[in-house]
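Some notes on the structure that comes next.
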Amino acid sequence: MELQRRLERIFRDDRAWLLLLALATAVSLTGNLFGLLYQVTIVAPHLLYFPIIIASYRFPRRGVLFASCIGLVYVVMVCLVPPPAAGGIIPAAARFVVLVAIGWVVAYLSLNLKEQEERYRGLFDHSEAGSFLVRLDGPVPIIEDANFRGAEILGTRAAEMAGEPFRTFWDDPGNLEEFISGIRKDGARYSHEARLVRKDGAHVEGILSAGAVSDSEFIVTLVDITDRKRTEDAFRQANRELNLLSGVTRNDLLGVTGRLSEMLKSGKERCQSPEARDLAGRLWEPVRYIRRRLELTKYYQDLGAEEPVWHHVREVILNEASRSDPGTVSLRVWTERLEIYADRLLKNVFSNLLDNAVRHGKGATDIVVTYRLAGDGLDLVVEDNGPGIPDTDKEAIFEYGSEKHPGLGLFIDREILGVTGISITETGVPGSGARFEIHIPAGAFRIV
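Just so you know, we're using the numbering used here here: the sequence shown kicks off at 134 and counts up by one.
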């Protein structure tokens, strides 16, 4: 391994290639001169391929010129040696053409290879993500190269990372083994979260991805998400504290409004004066309004508290249906492979839609759930064959406290879906059944 690295360093130096080229040129021309003098003109010309290939590979922009020079020297040597030892000027001219053609082909291929290498090197060196070239052909993964950003994330210099075991910067050996096993099995690894250790001992939270570039080497990219993780933890802690405060305040106020409602009810019953009873009744309405507002905070308490997740639509709907009594209503769900990215409270949306179809869709016997691709996303449709919803009420049913649909159900449903940009509307034909159309934007659904 050490010998291989030394040889790689040597052949990165143009001086080593120039020395090799000079030696190959001297040997090939000397060999051809003796070949012409001693009439060995079949094998000797093939020696000229070596310096031409070396020059065209390492210095492709000068490869054709060098091949032409070598070819001309060979033709001059043939002309200076009297026939028949030289084999004639026509075969020499043909060899000249072949030598130039070989130089051009090798130079062209090498130039393309160098352009791709420079493109890769530019991406590697100047990426905003940390990049590492890691060798896997031994028991311990070894870092062969690193860019500036990768070294900066790990608190060291790129030159110092060459030859370092990859595990030096890994906090959990088991996590590293999982990462390496995934690469060996699939040839790639994506979005792998890990905790790394800087040279100064500080910890770095990162997301790593890797792809194999050969049987024994792979490129690892590292994105530092330490600040993001800290921010997420801070938000999560703040959300827990706010939820605790909200819960305590809500419970206290509900208790107060509950007692106030009982007092107003009792007072109304005891009052002899019609005016006093009317006043007690009118006071009860704002108390009821306050209680409904407090109940609303309970529903909102967990909304958006955690990151959205992928939901298998059919499983969620069937699970919610199993928890309720559908009566005589049958349920058909034609969404076998559909998954959507939504808030963790998505199950409440489907539970409420099913419950509405059973309780409010008087006469409904069927609930059908289907989906179709739309131009800018996907529409998930939940429909029944009940009486439907009048056109004038289609938007009002989603409003909080609407007289057309008292309660919080559809209002909360729209808020839950809106966390990930999903919308819901009612598009049914009155008299033919309710039809709730849930529009899911591109990127928030997948068909697996």
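We treat Cβ as the ideally placed atom computed from N, Cα and C, and that holds for glycine.
Predicted model only: the values in this text are computed from it and were never measured.
Roughly how many angstroms lie between the CA atoms of A321 and L355, to the nearest whole one?
14 Å
Grouping DSSP H, G and I as helix and E and B as strand, with all else coil, what is H179?
helix
Length of the line joining the Cα atoms of L198 and S260:
37 Å
Does DSSP put D556 in a helix, in a strand, or in coil?
Contrary to the premise, residue 556 reads as Ser rather than Asp in this sequence. Note: S556 maps to strand in three-state DSSP.
Along the chain, where does the beta strand (DSSP E) that runs through V501 open and close?
D499 to A507
Burial state of P539, where buried means 16 or more other Cβ atoms lie within 10 Å
In this predicted model, P539 has a pLDDT of only 47, less than 50, meaning its place in the structure is not dependable; the value taken from the coordinates is given anyway. Burial is judged here by how many other beta carbons sit within 10 angstroms of a residue's own beta carbon; P539 has fewer than 16 and is exposed.
Take K495 and list the residues in its own chain whose beta-carbon comes closer than 7 Å to its own, dropping the five residues that flank it on each side.
G519 and P520
Buried versus exposed, by CB contacts within 10 Å (16 or more), L378
Result: exposed.
Own chain residues within Cβ distance below 6 Å of T289, not counting five before or after
K332
Run the CB neighbour count on E440, radius 10 Å, all protein chains shown included, and call it buried at 16 or more, exposed below.
Exposed is the label assigned to E440, since fewer than 16 other Cβ atoms lie within 10 Å of its Cβ.
Just the Cα atoms here: how many angstroms apart are T364 and R194?
52 Å
Whole-angstrom Cβ separation of G566 and A497, contact assumed at under 8 Å?
Going by Cβ atoms, the distance from G566 to A497 rounds to 7 Å, so yes, they are a contact pair.
Please classify S189: is it buried, with 16 or more other beta-carbons within 10 angstroms of its beta-carbon, or exposed?
The residue in question, S189, is buried, as its Cβ has 16 or more Cβ neighbours within 10 Å.
With a threshold of 16 other CB atoms inside 10 Å of the CB of L136, please say whether the residue is buried or exposed.
The predicted position of L136 is uncertain, since its pLDDT is 49 and thus under 50; a value taken from the coordinates is nonetheless stated next. By the neighbour-count rule (16 or more Cβ atoms within 10 Å), L136 is not buried but exposed.
Give the DSSP-derived three-state secondary structure of R322 in the structure shown.
strand
Outcome for L156 when other beta-carbon atoms lying within 10 angstroms are tallied against a minimum of 16:
That one is exposed.
When we look at the beta-carbon of L309 and count the other beta-carbons within 10 Å, is it buried (16 or more) or exposed?
With a threshold of 16 other beta carbon atoms within 10 Å, L309 meets it and is buried.
To the nearest angstrom, report how far apart K480 and A284 are at their CA atoms.
45 Å
How is G164 classed by DSSP in three states: helix, strand or coil?
helix
Would you please state the rounded distance, in angstroms, between the beta carbons of I276 and L232? I believe it to be under 8 Å.
Not a contact, Cβ separation roughly 43 Å.
V491 versus R547: straight-line alpha-carbon distance, rounded
20 Å
Between the CA atoms of L287 and R191 - distance to the nearest angstrom
35 Å
Do F483 and V449 have their beta-carbon atoms positioned less than 8 Å apart in this structure?
yes
Could you compute how far the alpha carbon of A292 sits from the alpha carbon of P298?
For A292 and P298, the distance between alpha carbons rounds to 14 Å.
Let me know if R392 comes out buried or exposed under the rule of 16 or more other beta-carbons within 10 Å of its beta-carbon.
Burial call: exposed.
Note down, in chain order, each residue of its chain lying with its Cβ closer than 8 Å to the Cβ of I549, except the 5 sequence neighbours on either side.
L436, A475, D476, L478, L479, N481 and V482
Taking only three categories from DSSP, how would you classify L513?
strand
Hey, quick one: how far does the beta strand (DSSP E) through Y474 stretch, first residue to last?
Note, Y474: beta strand (DSSP E), L471 to A475.
Considering only their Cβ atoms, is the gap separating S347 from Y323 smaller than 8 Å?
No. Outside cutoff.
Sheet register partners of R268 (DSSP bridge)
I275 and E350
Cβ-heavy atom distance between H444 and the ligand ADP below 7 Å?
Absent from the structure shown: the ligand ADP. Ligands present: none.
Just the C-alpha distance for F351 and H336, rounded to the nearest angstrom, thanks.
24 Å
Which whole-angstrom value describes the C-beta separation of D258 and F281, a residue pair presumed to lie in contact below a C-beta threshold of 8 Å?
7 Å
Straight-line gap, W303 to A279 (C-alpha atoms, nearest Å):
Straight-line measurement puts the Cα of A279 at about 16 Å from the Cα of W303.
If I'm right that A454 touches L487 with Cβ under 8 Å, what's the distance once you round it to whole angstroms?
Contact between A454 and L487 holds, with the beta-carbon distance rounding to 6 Å and staying under 8 Å.
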